[in-house]
Amino acid sequence: MQPLLETLDLHVSFATDQSPVPVVRGIDLKVGRGEIIGLVGESGSGKSVTCMAAMGLLDDNARLRGEIRWNGRKLHCQDDDAMSVLRGNELAMIFQDPMSALNPVQTIGKQLYEAIRLHSAKRIGRSELKQRATGLLSDVGVPAPEQRLKAYPHQLSGGLNQRVVIAMMLAGNPRLLIADEPTTALDVTVQAQIIDLLRSLRDQRGMSIILVTHDLGVVAETCDRVLVMYCGRVVESGPVAAVFQSPRHPYTRGLLASLPRIDSSDDALTPIPGVVPQPHEFGEGCTFAPRCPVASECCYSGSPAQQCSESDHLFSCFSPLPVQKTRAHR
Amino acid sequence: MNMLYVLQKLARALLTVLLIVTTVFVVLRLSGDPAIYVLGLDADPRALDVFRQQWGLDLPIWQQYLQFLGNCLQGDFGYSYFEERDAMTAVLERLPKTLLLMGITGMCTLLIGVPAGIYAALHRNSWVDRLTMLVSVAGFSLPNFVLGIFLILLFSVTWQLLPSSGSGTWQHLVMPTLTMTVAEAAVFARFTRSAMLEVLNQPYMRTARAKGLRWHQAVRRHALPNAAIPLITVVGFFVGTLVAGGVVTESLFAWPGIGRLLVSSVANRDLAVVQIIVMLIACSMVFTNLVIDLLYGWLDPRVASLRTGD
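Protein sequences, first through last, are from chains A and B.
For the first sequence, this note's numbering gives the first residue as 1, with consecutive numbering after it.
For the second sequence, this note's numbering gives the first residue as 331, with consecutive numbering after it.
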């Protein structure tokens with residue numbers, strides 16, 4: 001089946017006073033209908049930029065190469081008029097900090113009405129607007145929705161605000177929701193609620209979701225497939241179960257090993273040594289090589305090609321880890 | 331916005347006015363004996379005594395203060411020694427000229443400064459942006475007495491296009507307003523630009539775009555209202571600098587407004603007139619700030635609920 005969103009060898013770099021800074025370097029991403037895709041990786045790995053590129057919301061100094069396809073048709077991501085027709089209608093996005101994601105000087109209601117009006121062909125009367133907004137809020141589990149319409153964002157909690165943002169994005173009934181670290185700024189209990197909400201959106205509306213997160217636990221629980229990104233490249237991707245059970249790329253194993261585990265007697269975590277290189281430090285070879293425990297000579301000279309393990313489990317590494325039958329980490 | 335917020339602000343404004351009136355009174359009494367200034371150092375001591383008695387200057391200072399407050403409340407703001415008539419009349423006579431100057435300057439400033447700032451912010455780093463900022467730095471680093479003299483040299487002396495002093499025709503207005511507008515508009519352009527840039531980078535702008543608003547819609551509906559909030563604060567200062575700039579500019583162009591009257595009254599030790607003008611300026615500042623506070627509460631719902639614990 002044709003994927004809903006597809007990026008083909010997507011490159012994004014940002015023009016600066018010096019040389020352009022490459023941030024995304026050849027990403028192939030496929031999002032199917034009703035699928036939840038996890039994007040993981042350290043800060044600066046290009047997760048958000050990839051998402052913003054798909055939304056057509058990159059800054060003016062961004063340079064794009066490669067292709068983004070929506071429903072098989074090429075997206076003109078830097079044509080604002082073309083993209084603004086799609087945004088909210090076909091694809092929508094929520095962000096990290098819900099407290100600042102809403103306009104502080106407008107009521108929740110006003111901002112919801114704006115979204116509803118934007119996505120309806122005909123004029124809607126006041127009472128229907130209110131009814132629809134209330135409906136959207138109760139869809140995303142906001143209690144006492146009618147009273148919230150009159151509230152300002154600062155009067156609500158972070159979790160509620162994130163729900164409001166989600167409700168706003170649902171106004172145009174998009175087919176893909178990009179969630180860029182939607183729970184990072186929230187309390188743990190609220191995080192679980194928001195993740196549950198996202199899952200139910202997929203289950204009930206058949207919506208596709210791209211979930212950008214640092215939280216591998218959330219990915220394991222929620223996502224169908226996962227892409228592990230490092231320095232603007234996908235180092236490993238595949239079905240969540242396969243990737244987590246048998247990571248083939250040392251970076252993926254490193255990420256998994258740096259997680260605390262409740263069933264382990266060992267208190268110490270295993271961090272990945274070193275730091276993420278800056279874009280100007282990207283060399284010829286595998287960008288992970290300097291931090292990699294199994295790197296050899298060839299890792300520094302050329303980029304590893306993509307290989308396929310069993311059913312669409314892909315990775316790019318010269319010395320992949322052996323296939324594990326049981327849990328790989330620990 | 332609720333009643334309590336408004337009342338709080340009103341009470342504070344009244345208190346400020348009282349404080350100002352008191353300060354003005356104290357400062358002016360401390361700064362020398364008006365009798366000597368008016369009658370001269372070598373005046374007959376008896377004449378001085380009579381003068382002091384006549385104006386109540388022989389009473390203890392607190393009594394003078396109470397009397398002064400009482401008179402103010404009754405609308406009696408004293409008599410001008412120098413002009414030999416009711417001081418308030420003397421000031422009110424000059425007021426329209428100053429208001430005219432301030433009004434036109436204020437309008438020009440807002441009409442030039444704010445759009446320039448918005449445009450610069452929306453086209454950040456473009457040549458228009460850089461040019462606007464360059465002109466703005468030049469504008470506000472030029473003291474207005476320098477600019478004024480320069481304009482007089484150019485337009486009155488060299489080209490003889492505009493009258494260098496006085497009032498009456500529109501030609502008289504050009505140079506004084508231009509002198510004041512340049513610096514003010516420069517400050518406004520700069521401030522508007524930074525307020526806009528701040529707002530344009532806010533996450534809610536991204537949200538607005540993500541839900542489907544076009545760039546110009548997002549700017550109009552979400553950026554401008556938010557950028558207006560800090561801008562309103564500057565308008566408060568603006569009234570202050572307008573008055574201060576007015577004193578210099580009016581003196582420079584011999585514009586018969588209250589700024590020039592203030593300067594001459596201070597020189598003549600005409601207490602009542604100075605008092606009225608300072609109080610007038612202070613009250614207009616307090617009033618502007620009161621309006622701004624109320625506007626703030628209306629523009630930014632967070633302010634009203636914070637202050638009153640709503």
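No residue lacks a Cβ here, since even glycine has one placed at the ideal position from N, Cα and C.
In the DSSP assignment, what are the bridge partners of residue i?
i, result
"A/C308", "A/L314"
"A/D180", "A/V212"
"A/F14", "A/V21, A/A62"
"A/V234", "A/M229"
"A/I68", "A/T7"
"A/I36", "A/I209"
"B/S410", "B/R415"
"A/R87", "A/L91"
For chain A, find out if any of its Cβ atoms is closer than 9 Å to the Cβ of residue i; answer yes or no.
i, result
"B/W545", "yes"
"B/T638", "Note that B/T638 scores a pLDDT of 49, beneath 50, so its modelled location is shaky; the value from the coordinates is reported in the next line. False, the Cβ-Cβ gap to chain A never drops below 9 Å."
"B/D630", "yes"
"B/P560", "no"
"B/Y534", "yes"
"B/L431", "no"
"B/G542", "yes"
"B/F460", "A small correction: the amino acid at residue 460 of chain B is Arg; Phe does not occupy that position in the sequence shown. Not closer than 9 Å to any Cβ of chain A, the Cβ of B/R460 fails to qualify, so no."
State the DSSP-derived secondary structure class of residue i, mapped to helix, strand or coil.
i, result
"A/D28", "strand"
"B/G627", "helix"
"B/S432", "Looking at the sequence provided, one finds Met at residue 432 of chain B rather than Ser. Helix at B/M432."
"A/H249", "coil"
"B/R454", "coil"
"B/L648", "Given that chain B is displayed from residue 331 to residue 640, the structure contains no residue 648 of chain B and the question cannot be resolved."
"A/A92", "strand"
"A/E6", "strand"
"B/W385", "coil"
"A/P290", "helix"
"A/S303", "coil"
"A/M207", "coil"
"B/L492", "coil"
"A/L227", "strand"
"A/K74", "strand"
"B/P445", "helix"
"B/D416", "strand"
"B/R544", "coil"
"A/L239", "Residue identity check: residue 239 of chain A is Pro in the sequence provided, not Leu. Reduced to three states, the DSSP call for A/P239 is strand."
"B/F470", "helix"
"B/H502", "helix"
Output needed for residue i: all residues of its chain with C-beta closer than 6 Å, excluding positions within five of it in sequence on either side, in chain order.
i, result
"B/V336", "none"
"A/A289", "A295, C299, Y300"
"A/Q131", "none"
"B/S410", "A417, A420, D600, A602, V603"
"B/H453", "D459"
For residue i, is the classification buried or exposed, using 16 other Cβ atoms within 10 angstroms of its Cβ as the cut-off for buried?
i, result
"B/M437", "exposed"
"A/C308", "exposed"
"A/Y300", "exposed"
"B/Q393", "exposed"
"A/S311", "exposed"
"A/P322", "exposed"
"A/V275", "exposed"
"B/F617", "exposed"
"A/D263", "exposed"
"B/A451", "buried"
Answer with yes or no whether the minimum CB distance from residue i to chain B is below 9 Å.
i, result
"A/E114", "yes"
"A/V165", "yes"
"A/D97", "yes"
"A/V323", "no"
"A/L129", "no"
"A/M207", "no"
"A/S296", "no"
"A/L201", "no"
"A/Q106", "yes"
For residue i, collect the residues of the same chain with a Cβ closer than 7 Å to its Cβ; drop the 5 residues on either side in sequence, then sort them by chain order.
i, result
"A/P293", "P250"
"A/L259", "L216"
"A/F244", "A220, L256"
"B/F475", "V578, L582"
"A/S319", "V294, S296"
Which residues in the same chain have their Cβ closer than 8 Å to the Cβ of residue i, if we skip the five residues on either side of it in sequence?
i, result
"B/I479", "L582"
"A/I94", "A101, Q162, V165, I166, M169, L177, I178, A179, D180, P182"
"A/Q2", "N71, G72"
"B/S614", "V569, V573"
For residue i, verify whether its CB is less than 8 Å away from any heavy atom of the ligand ZN.
i, result
"A/Q278", "This structure lacks the ligand ZN, and indeed carries no ligand of any kind."
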